[in-house]
Structure formats: C-alpha cells, structure tokens
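Student:
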Amino acid sequence: MTITGIITAIVIGAIIGALGRLVVPGKQHIPIWLTIVVGIVAAFIGTAIAGAFGVAATGGIDWIELLLQVAVAALGVILTVSLYGRRGVRR
Numbered sequence: 008m009t010i011t012g013i014i015t016a017i018v019i020g021a022i023i024g025a026l027g028r029l030v031v032p033g034k035q036h037i038p039i040w041l042t043i044v045v046g047i048v049a050a051f052i053g054t055a056i057a058g059a060f061g062v063a064a065t066g067g068i069d070w071i072e073l074l075l076q077v078a079v080a081a082l083g084v085i086l087t088v089s090l091y092g093r094r095g096v097r098r
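Per the numbering used here, the very first residue in the sequence shown carries number 8; after that it's consecutive.
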C-alpha cells in the first residue's frame with residue numbers, strides 16, 4: 008500500500024465514520040481518532056458485504072455500497088460508545 012492509499016483510507020474513513028456518527032442519535036463520547044478507525048474498518052467491511060451481494064462495482068457512484076458502509080459505521084459507533092464508556096471511573 009502506498010502513502011497515497013493510506014492517506015485516502017484515512018480521509019474516506021473519517022468521512023464514513025462521521026456519517027455513521029451522524030446517524031446515531033444522541034451525543035457520543037468517543038475521540039475523533041476512534042471515529043476515524045471505526046470509519047476505516049466500516050469502509051472495508053461495507054465493501055466486503057457489497058461485494059458478497061454483487062453490488063460493489065456499479066456504474067457511477069456506488070450508493071448501495073456507501074449506504075452499507077455508513078450502516079456498518081453506525082453499528083460500529085454504537086458498539087464503540089458502549090465499550091468505550093465502560094472504561095470510565097466507577098463510583
């Protein structure tokens with residue numbers, strides 16, 4: 008993977024993570040770097056799911072693939088918020 012590929016993955020991951028975070032209602036108490044990581048992972052998983060259903064390579068913008076990526080990112084944000092929130096100090 009080239010440096011351009013890494014930078015592209017980070018940018019796309021940030022966008023997908025931000026969209027996933029917007030879909031989830033309420034305030035999420037996770038850092039931005041964790042949102043980017045969730046977005047990058049969601050982009051890869053969403054692409055794999057789209058490929059499994061045969062909708063990954065279409066003409067123009069792959070809207071179905073994008074929706075799958077955002078849905079996976081939203082689930083990832085929900086899971087991350089629930090796990091990250093448990094790290095706090097217990098009273």
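Yeah, the Cβ is synthetic: ideal placement off N, Cα and C, and Gly gets one too.
Determine whether the beta carbon atoms of G58 and Q76 lie at a separation below 9 Å.
Tutor: Along the sequence shown, read from residue 1 onward, the residue named residue 58 stands at position 51. Along the sequence shown, read from residue 1 onward, the residue named residue 76 stands at position 69. No; because the gap between Cβ atoms is not below 9 Å, this pair is not in contact.
Student: I think G83 touches V45, with their Cβ atoms under 8 Å apart; what is that distance to the nearest whole Å?
Tutor: Residue 83 sits at position 76 when you count from the first residue of the sequence shown. Residue 45 sits at position 38 when you count from the first residue of the sequence shown. The pair is a contact, with the Cβ atoms about 4 Å apart (cut-off 8 Å).
Student: My output table needs one value for V79: the three-state DSSP class, helix, strand or coil.
Tutor: Numbered from its first residue, the sequence shown carries residue 79 at position 72. In the structure shown, V79 sits in a helix (DSSP, three-state: H, G or I).
Student: Could you tell me which of Y91, G20, V18, T42 sits nearest to R28, measuring between CA atoms?
Tutor: Here the question's residue 28 lines up with position 21 in the sequence shown. With distances taken between Cα atoms, R28 lies closest to T42.
Student: Buried or exposed for T87, going by 16 or more other Cβ atoms inside 10 Å?
Tutor: Position 80 of the sequence shown holds residue 87. Burial call: buried.
Student: Can you tell me whether DSSP reads G33 as helix, strand or coil?
Tutor: Working through the sequence shown from its first residue, we reach residue 33 at position 26. Coil.
Student: Mind checking I10: buried by the 16 CB within 10 Å criterion, or exposed?
Tutor: In the sequence shown, residue 10 corresponds to position 3, counting from 1. By the neighbour-count rule (16 or more Cβ atoms within 10 Å), I10 is not buried but exposed.
Student: What first and last residue would you give for the alpha helix (DSSP H) that runs through I68?
Tutor: In the sequence shown, residue 68 corresponds to position 61, counting from 1. First-last for I68: undefined, no H or E at that position.
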